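Peer 1: Sequential numbering from 11 applies to the sequence shown in our numbering.
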Amino acid sequence: MNIDSATTATGQAEDEARKRRFVRLACVVVGGASLAYLLASPWLAHRSLASLTAPAIFLLTGLLALGLLRRQGAHAAGLALVYSLCAGALLAGALIGNVSSTSIYSLIVVIAMADWLAGPRHAVAVTLLSLGGTLGISLALDAGLLQAATPSRSVTAWVGLALLLMVSAFFSRIVALAFQAQLARSEQLRHALRLQ
Numbered sequence: 011m012n013i014d015s016a017t018t019a020t021g022q023a024e025d026e027a028r029k030r031r032f033v034r035l036a037c038v039v040v041g042g043a044s045l046a047y048l049l050a051s052p053w054l055a056h057r058s059l060a061s062l063t064a065p066a067i068f069l070l071t072g073l074l075a076l077g078l079l080r081r082q083g084a085h086a087a088g089l090a091l092v093y094s095l096c097a098g099a100l101l102a103g104a105l106i107g108n109v110s111s112t113s114i115y116s117l118i119v120v121i122a123m124a125d126w127l128a129g130p131r132h133a134v135a136v137t138l139l140s141l142g143g144t145l146g147i148s149l150a151l152d153a154g155l156l157q158a159a160t161p162s163r164s165v166t167a168w169v170g171l172a173l174l175l176m177v178s179a180f181f182s183r184i185v186a187l188a189f190q191a192q193l194a195r196s197e198q199l200r201h202a203l204r205l206q
């Protein structure tokens with residue numbers, strides 16, 4: 011085995027391990043934030059059970075992805091995670107009757123996760139699903155097929171937004187660290203090539 015193939019194999023193994031850690035952390039963070047929101051819901055004075063849909067779906071999605079991570083690996087778990095989060099956010103937006111809800115805003119994070127975990131084609135697919143789903147919700151609201159959301163209390167909206175912002179900051183830091191590791195590996199390869 012030559013140096014190039016050994017380096018490629020090592021890089022792929024490191025990338026797989028990094029993605030496994032990311033999926034595990036994503037499941038813990040998303041599941042933990044959703045569980046915290048569900049536990050705090052009696053004090054947030056929700057007007058309907060529909061507002062608890064997104065956290066419940068996100069919690070179940072995290073558990074599903076953790077199970078797949080053990081059995082199938084990071085790619086399958088990443089695919090399940092991003093598509094389930096996308097579907098859950100759109101379903102919650104439809105049930106709540108609002109395209110400007112925290113669950114819909116979480117699609118921004120889901121698209122970024124899809125790009126890194128599953129590749130650019132899946133990021134494009136999740137983007138198209140998000141655009142189509144939010145357009146469908148908007149048209150259904152305008153046609154009177156969905157009940158429009160009643161405005162939530164400011165504190166309730168803030169808690170959801172705060173959780174989304176914390177999760178976004180956490181994920182952006184992980185992606186930045188992965189990018190820095192990739193740059194460091196490229197620099198090591200460049201140095202090894204110069205030495206040869």
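Just so you know, even glycine gets a beta-carbon here, dropped at the ideal spot from N, CA and C.
Remember, it's a predicted structure, so these values are computed and weren't measured experimentally.
Verify whether the separation of the beta carbon atoms of residue 72 and residue 41 is less than 8 Å.
Peer 2: As a first step, residue 72 must be located in the sequence shown, where it is residue number 62. As a first step, residue 41 must be located in the sequence shown, where it is residue number 31. Yes; because the gap between Cβ atoms is below 8 Å, this pair is in contact.
Peer 1: Alpha carbon to alpha carbon, how far is residue 124 from residue 144? Give it in angstroms, no decimals.
Peer 2: Mapped onto the sequence shown, residue 144 falls at position 134. Mapped onto the sequence shown, residue 124 falls at position 114. Straight-line Cα distance between these residues: approximately 18 Å.
Peer 1: Taking only three categories from DSSP, how would you classify residue 157?
Peer 2: In the sequence shown, counting from the first residue as 1, residue 157 sits at position 147. Residue state, collapsed to three classes: coil.
Peer 1: Whole-angstrom Cβ separation of residue 148 and residue 177, contact assumed at under 8 Å?
Peer 2: Numbered from 1 along the sequence shown, position 138 holds the residue referred to as residue 148. Numbered from 1 along the sequence shown, position 167 holds the residue referred to as residue 177. Actually they do not touch by this definition, with Cβ atoms about 25 Å apart.
Peer 1: So, helix, strand or coil for residue 116, using DSSP?
Peer 2: Translated into positions along the sequence shown, residue 116 becomes position 106. Of the three classes helix, strand and coil, the one that applies to residue 116 here is coil, per DSSP.
Peer 1: Kindly indicate which residue of 197, 204, 180 and 32 has the alpha-carbon position closest to the one of residue 239.
Peer 2: Within the shown structure, residues of the chain are numbered from 11 to 206, placing residue 239 beyond reach of any answer.
Peer 1: In the DSSP assignment, the alpha helix (DSSP H) including residue 94 goes from what residue to what residue?
Peer 2: On the sequence shown, residue 94 is found 84 positions in, with the first residue counted as 1. Run containing residue 94: 84 to 106, per the alpha helix (DSSP H) assignment.
Peer 1: Around the C-beta of residue 118, are 16 or more other C-beta atoms found within 10 angstroms, so that it is buried, or is it exposed?
Peer 2: Looking up residue 118 in the sequence shown gives position 108. It is exposed - the Cβ of residue 118 has fewer than 16 other Cβ atoms within 10 Å.
Peer 1: Could you name the residues of the same chain whose beta carbon sits closer than 7 Å to that of residue 151, not counting the 5 residues immediately before and after it, in chain order?
Peer 2: Translated into positions along the sequence shown, residue 151 becomes position 141. So the list reads 107 and 158, once near-sequence residues are dropped.
Peer 1: So, at 7 Å on beta carbons, what are the nonlocal neighbours of residue 173 in its own chain, with the 5 sequence-adjacent residues on each side left out?
Peer 2: Taking the first residue of the sequence shown as position 1, residue 173 is located at position 163. If the five residues before and after residue 173 are omitted, its C-beta is found closer than 7 Å to the C-beta atoms of 43 and 47, all from its own chain and listed in chain order.
Peer 1: What does the alpha-carbon distance come out to for the pair residue 69 and residue 94?
Peer 2: The residue labelled residue 69 in the question sits at position 59 within the sequence shown. The residue labelled residue 94 in the question sits at position 84 within the sequence shown. Distance between the alpha carbons of residue 69 and residue 94 is about 11 Å.
Peer 1: Where does residue 190 fall in DSSP's three states?
Peer 2: Taking the first residue of the sequence shown as 1, we reach residue 190 at position 180. Here DSSP, grouped into helix, strand and coil, assigns residue 190 to helix.
Peer 1: Comparing alpha-carbon positions, which option in 61, 89 and 59 lies nearest residue 29?
Peer 2: Taking the sequence shown and counting its residues from 1, the one referred to as residue 29 is at position 19. Out of 61, 89 and 59, 89 has the C-alpha closest to the C-alpha of residue 29.
Peer 1: Determine the extent of the alpha helix (DSSP H) in which residue 142 is found, giving its start and end residues.
Peer 2: Working through the sequence shown from its first residue, we reach residue 142 at position 132. Taken as a continuous stretch (DSSP letters only), the alpha helix (DSSP H) holding residue 142 covers 130 to 152.
Peer 1: Compare the C-alpha of residue 45 against each of 66, 25, 77 and 146 and name the closest.
Peer 2: Here residue 45 corresponds to residue number 35 of the sequence shown, with the count starting at 1. Minimum Cα-Cα distance from residue 45 among the listed residues 66, 25, 77 and 146 corresponds to 66.
Peer 1: Rounding to the nearest angstrom, what Cα-Cα distance links residue 175 and residue 204 in this structure?
Peer 2: By 1-based counting over the sequence shown, the position of residue 175 is 165. By 1-based counting over the sequence shown, the position of residue 204 is 194. Each residue's Cα considered, the two are about 43 Å apart.
Peer 1: Of the choices 102, 35, 34 and 38, whose alpha-carbon is the least far from that of residue 62?
Peer 2: For the purposes of this step, residue 62 is taken as the residue at position 52 of the sequence shown. That would be 102, whose Cα lies nearest to the Cα of residue 62.
Peer 1: Quick one: using the 10 Å Cβ neighbour count with 16 as the cut-off for buried, is residue 75 buried or exposed?
Peer 2: The count along the sequence shown starts at 1 and reaches residue 75 at position 65. Result: buried.
Peer 1: In terms of residue numbering, what span does the alpha helix (DSSP H) encompassing residue 52 cover?
Peer 2: As a first step, residue 52 must be located in the sequence shown, where it is residue number 42. The continuous stretches of alpha helix (DSSP H) do not include residue 52, and DSSP gives it neither H nor E.
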